[in-house]
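Numbers -15 to -1, 1 to 193, taken from mature numbering (1 follows the signal peptide of the UniProt record, and there is no 0), label the letters of the sequence shown in order. Yeah, the Cβ is synthetic: ideal placement off N, Cα and C, and Gly gets one too. Input: a single structure, listed below in C-alpha coordinates.
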Amino acid sequence: MCACIYTCIPGCCWAFSTVGATEGLIQIKKGNLTSLSEQQLVDCVTGGVTRGCEGGLMDEAFEYIIQNKGIASEETYPYTATEGTCNTDATSAATITGYEKVPANSEEALMAAVATQPVSVAIDGGGPDFKFYSRGVFTGPCGTDLDHAVTLVGYGTEESADGTKYWLVKNSWGETWGEGGYMRMARDVGAPEGLCGIAKDASYPTLN
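Structural data, given as C-alpha coordinates:
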(Lines of atoms letter the chains of each structure in order from A and count residues from 1; the text may use other names and numbers.)
(Lines give C-alpha, C1' and ligand atoms only; values in the text may rest on other atoms or scores of the structure.)
Protein backbone atom coordinates (compact mmCIF):
# COMPACT_ATOMS: atom_id res chain seq x y z
CA MET A 1 0.00 0.00 0.00
CA CYS A 2 1.00 3.57 -0.51
CA ALA A 3 2.02 5.96 2.25
CA CYS A 4 -0.43 7.82 4.51
CA ILE A 5 0.14 11.07 2.63
CA TYR A 6 -3.33 12.59 2.71
CA THR A 7 -5.69 13.54 5.51
CA CYS A 8 -9.23 12.69 4.46
CA ILE A 9 -12.10 14.95 5.36
CA PRO A 10 -14.77 13.45 7.67
CA GLY A 11 -16.98 10.97 5.83
CA CYS A 12 -14.47 9.99 3.14
CA CYS A 13 -12.69 7.32 5.19
CA TRP A 14 -14.55 4.51 3.38
CA ALA A 15 -12.84 5.52 0.11
CA PHE A 16 -9.38 5.46 1.73
CA SER A 17 -10.04 2.08 3.32
CA THR A 18 -11.19 0.64 -0.01
CA VAL A 19 -8.18 2.03 -1.87
CA GLY A 20 -5.76 0.81 0.80
CA ALA A 21 -7.04 -2.75 0.55
CA THR A 22 -7.06 -2.62 -3.25
CA GLU A 23 -3.53 -1.22 -3.50
CA GLY A 24 -2.30 -4.01 -1.23
CA LEU A 25 -4.01 -6.70 -3.29
CA ILE A 26 -2.59 -5.36 -6.56
CA GLN A 27 0.90 -5.23 -5.10
CA ILE A 28 0.62 -8.84 -3.94
CA LYS A 29 -0.85 -10.11 -7.21
CA LYS A 30 1.04 -7.98 -9.72
CA GLY A 31 4.22 -7.06 -7.87
CA ASN A 32 3.84 -3.32 -8.44
CA LEU A 33 2.73 -0.61 -6.04
CA THR A 34 0.37 1.88 -7.67
CA SER A 35 -1.26 4.75 -5.80
CA LEU A 36 -4.96 4.59 -6.66
CA SER A 37 -7.66 7.26 -6.67
CA GLU A 38 -9.78 7.86 -3.58
CA GLN A 39 -11.27 10.85 -5.38
CA GLN A 40 -12.78 8.70 -8.10
CA LEU A 41 -14.66 6.73 -5.47
CA VAL A 42 -15.81 9.90 -3.69
CA ASP A 43 -17.07 11.39 -6.96
CA CYS A 44 -18.51 8.30 -8.60
CA VAL A 45 -19.86 5.91 -5.94
CA THR A 46 -23.32 7.32 -5.32
CA GLY A 47 -25.61 4.29 -5.24
CA GLY A 48 -27.00 2.58 -2.16
CA VAL A 49 -26.20 4.43 1.07
CA THR A 50 -22.90 5.90 -0.12
CA ARG A 51 -22.95 9.68 -0.49
CA GLY A 52 -19.43 10.91 -1.14
CA CYS A 53 -17.95 12.54 1.93
CA GLU A 54 -21.21 12.26 3.83
CA GLY A 55 -20.32 8.62 4.43
CA GLY A 56 -20.23 5.35 2.56
CA LEU A 57 -19.63 1.62 2.52
CA MET A 58 -16.50 -0.16 1.36
CA ASP A 59 -18.58 -2.96 -0.16
CA GLU A 60 -20.34 -0.47 -2.44
CA ALA A 61 -16.95 0.94 -3.43
CA PHE A 62 -15.69 -2.54 -4.31
CA GLU A 63 -18.85 -3.07 -6.38
CA TYR A 64 -18.15 0.17 -8.25
CA ILE A 65 -14.58 -0.87 -9.11
CA ILE A 66 -15.85 -4.20 -10.42
CA GLN A 67 -18.65 -2.69 -12.50
CA ASN A 68 -16.41 0.14 -13.76
CA LYS A 69 -13.80 -2.45 -14.74
CA GLY A 70 -11.16 -0.67 -12.70
CA ILE A 71 -10.05 2.38 -10.77
CA ALA A 72 -7.81 5.24 -11.90
CA SER A 73 -4.44 6.12 -10.46
CA GLU A 74 -3.98 8.91 -7.93
CA GLU A 75 -1.78 10.67 -10.50
CA THR A 76 -4.52 10.88 -13.14
CA TYR A 77 -7.45 11.42 -10.73
CA PRO A 78 -5.93 13.24 -7.71
CA TYR A 79 -7.53 13.75 -4.32
CA THR A 80 -9.06 17.20 -3.80
CA ALA A 81 -10.65 16.82 -0.34
CA THR A 82 -14.04 17.81 -1.74
CA GLU A 83 -16.81 16.11 -3.69
CA GLY A 84 -16.71 16.67 -7.44
CA THR A 85 -18.32 15.49 -10.66
CA CYS A 86 -17.54 11.93 -11.65
CA ASN A 87 -15.03 11.73 -14.50
CA THR A 88 -16.43 8.84 -16.47
CA ASP A 89 -13.52 8.98 -18.92
CA ALA A 90 -10.84 8.25 -16.32
CA THR A 91 -8.41 5.53 -17.44
CA SER A 92 -8.23 2.56 -15.09
CA ALA A 93 -4.85 1.69 -13.57
CA ALA A 94 -5.97 -1.43 -11.68
CA THR A 95 -9.03 -3.60 -11.25
CA ILE A 96 -10.53 -6.30 -9.04
CA THR A 97 -12.87 -9.15 -9.94
CA GLY A 98 -14.75 -9.51 -6.67
CA TYR A 99 -14.75 -9.06 -2.92
CA GLU A 100 -15.38 -11.25 0.11
CA LYS A 101 -16.96 -10.61 3.48
CA VAL A 102 -15.08 -11.78 6.57
CA PRO A 103 -17.37 -13.74 8.93
CA ALA A 104 -18.60 -11.24 11.49
CA ASN A 105 -17.54 -11.25 15.14
CA SER A 106 -14.60 -13.59 14.67
CA GLU A 107 -11.09 -12.32 15.31
CA GLU A 108 -9.83 -15.71 14.14
CA ALA A 109 -11.47 -15.24 10.73
CA LEU A 110 -10.10 -11.70 10.55
CA MET A 111 -6.59 -12.97 11.32
CA ALA A 112 -6.86 -15.56 8.57
CA ALA A 113 -7.96 -12.91 6.06
CA VAL A 114 -5.28 -10.33 6.85
CA ALA A 115 -2.59 -13.00 6.85
CA THR A 116 -2.97 -13.04 3.06
CA GLN A 117 -3.82 -9.42 2.19
CA PRO A 118 -5.00 -6.06 3.60
CA VAL A 119 -8.63 -5.91 4.72
CA SER A 120 -11.11 -3.02 4.88
CA VAL A 121 -12.66 -2.78 8.34
CA ALA A 122 -15.24 -0.56 10.00
CA ILE A 123 -14.59 0.50 13.59
CA ASP A 124 -15.78 2.87 16.30
CA GLY A 125 -13.29 5.70 15.93
CA GLY A 126 -15.34 8.55 17.31
CA GLY A 127 -13.92 8.75 20.83
CA PRO A 128 -11.23 11.21 21.95
CA ASP A 129 -8.79 8.46 22.95
CA PHE A 130 -8.85 7.11 19.41
CA LYS A 131 -8.69 10.53 17.80
CA PHE A 132 -5.69 11.63 19.84
CA TYR A 133 -3.79 8.33 19.77
CA SER A 134 -0.06 8.88 19.35
CA ARG A 135 1.82 5.61 20.00
CA GLY A 136 1.84 2.21 21.67
CA VAL A 137 -0.86 -0.45 21.71
CA PHE A 138 -4.28 1.19 21.87
CA THR A 139 -6.54 -0.45 24.44
CA GLY A 140 -9.45 1.98 24.40
CA PRO A 141 -11.80 2.99 25.67
CA CYS A 142 -14.01 2.80 22.61
CA GLY A 143 -17.45 1.50 21.75
CA THR A 144 -18.64 -0.74 18.94
CA ASP A 145 -20.86 1.70 17.02
CA LEU A 146 -19.20 1.64 13.61
CA ASP A 147 -18.52 5.18 12.42
CA HIS A 148 -15.07 5.06 10.82
CA ALA A 149 -13.18 2.94 8.28
CA VAL A 150 -9.52 1.92 8.22
CA THR A 151 -7.38 -0.65 6.45
CA LEU A 152 -6.20 -3.63 8.49
CA VAL A 153 -2.72 -4.56 7.29
CA GLY A 154 -1.40 -7.06 9.82
CA TYR A 155 -1.10 -8.26 13.39
CA GLY A 156 1.61 -9.01 15.90
CA THR A 157 2.64 -9.45 19.52
CA GLU A 158 4.56 -6.98 21.65
CA GLU A 159 8.05 -8.08 22.64
CA SER A 160 7.38 -7.37 26.29
CA ALA A 161 6.72 -9.29 29.47
CA ASP A 162 2.96 -9.35 28.93
CA GLY A 163 3.21 -10.07 25.20
CA THR A 164 0.30 -7.81 24.25
CA LYS A 165 -1.37 -8.91 21.00
CA TYR A 166 -2.32 -6.23 18.50
CA TRP A 167 -3.78 -5.42 15.10
CA LEU A 168 -1.89 -3.06 12.79
CA VAL A 169 -4.26 -0.63 11.08
CA LYS A 170 -3.65 2.11 8.54
CA ASN A 171 -5.73 5.23 9.13
CA SER A 172 -6.49 8.08 6.72
CA TRP A 173 -5.62 11.04 8.92
CA GLY A 174 -2.10 11.69 7.63
CA GLU A 175 1.37 10.67 8.77
CA THR A 176 1.32 12.96 11.82
CA TRP A 177 -1.42 10.86 13.45
CA GLY A 178 -0.42 7.83 15.48
CA GLU A 179 2.69 5.92 14.49
CA GLY A 180 3.30 7.44 11.07
CA GLY A 181 -0.37 7.17 10.17
CA TYR A 182 -0.78 3.70 11.69
CA MET A 183 -2.17 2.34 14.95
CA ARG A 184 -1.47 -0.79 16.92
CA MET A 185 -4.85 -1.81 18.36
CA ALA A 186 -5.24 -4.45 21.07
CA ARG A 187 -6.21 -7.88 19.71
CA ASP A 188 -7.76 -10.91 21.42
CA VAL A 189 -9.60 -8.79 23.98
CA GLY A 190 -12.14 -11.44 24.97
CA ALA A 191 -15.05 -10.00 23.00
CA PRO A 192 -16.16 -11.58 19.70
CA GLU A 193 -16.53 -8.20 17.99
CA GLY A 194 -12.99 -7.17 18.96
CA LEU A 195 -11.81 -3.84 20.29
CA CYS A 196 -13.75 -0.91 18.77
CA GLY A 197 -15.84 -3.46 16.84
CA ILE A 198 -12.99 -4.25 14.45
CA ALA A 199 -14.33 -7.75 13.72
CA LYS A 200 -17.96 -6.71 13.10
CA ASP A 201 -17.81 -5.62 9.45
CA ALA A 202 -14.76 -6.46 7.34
CA SER A 203 -14.26 -7.20 3.65
CA TYR A 204 -11.47 -7.49 1.11
CA PRO A 205 -11.14 -7.32 -2.68
CA THR A 206 -10.23 -10.30 -4.82
CA LEU A 207 -8.54 -10.69 -8.20
CA ASN A 208 -8.71 -13.89 -10.22
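A direct Cα-Cα distance of roughly 19 Å separates Gly128 from Gly(-5).
DSSP places Pro113 inside the alpha helix (DSSP H), whose first and last residues are 113 to 116.
Taking one beta carbon from each stretch, the region 123 to 139 and the region 170 to 181 have 3 or more pairs nearer than 8 Å; the two touch. For Ile13, the uninterrupted alpha helix (DSSP H) segment begins and ends at -3 to 15. In this structure, the alpha-carbon of Ser188 lies about 9 Å from that of Pro103.
Short of 6 Å from the beta carbon of Phe115, and not among the five residues preceding or following it, lie these beta carbons of its own chain, in chain order: Cys127. In this structure the region 131 to 144 touches the region 105 to 115; the number of beta carbon pairs closer than 8 Å is three or more. Here the C-alpha atom of Cys29 lies approximately 8 Å from the C-alpha atom of Gly37. Look at Glu68 here: in three-state DSSP terms it is coil, with no helix or strand label.
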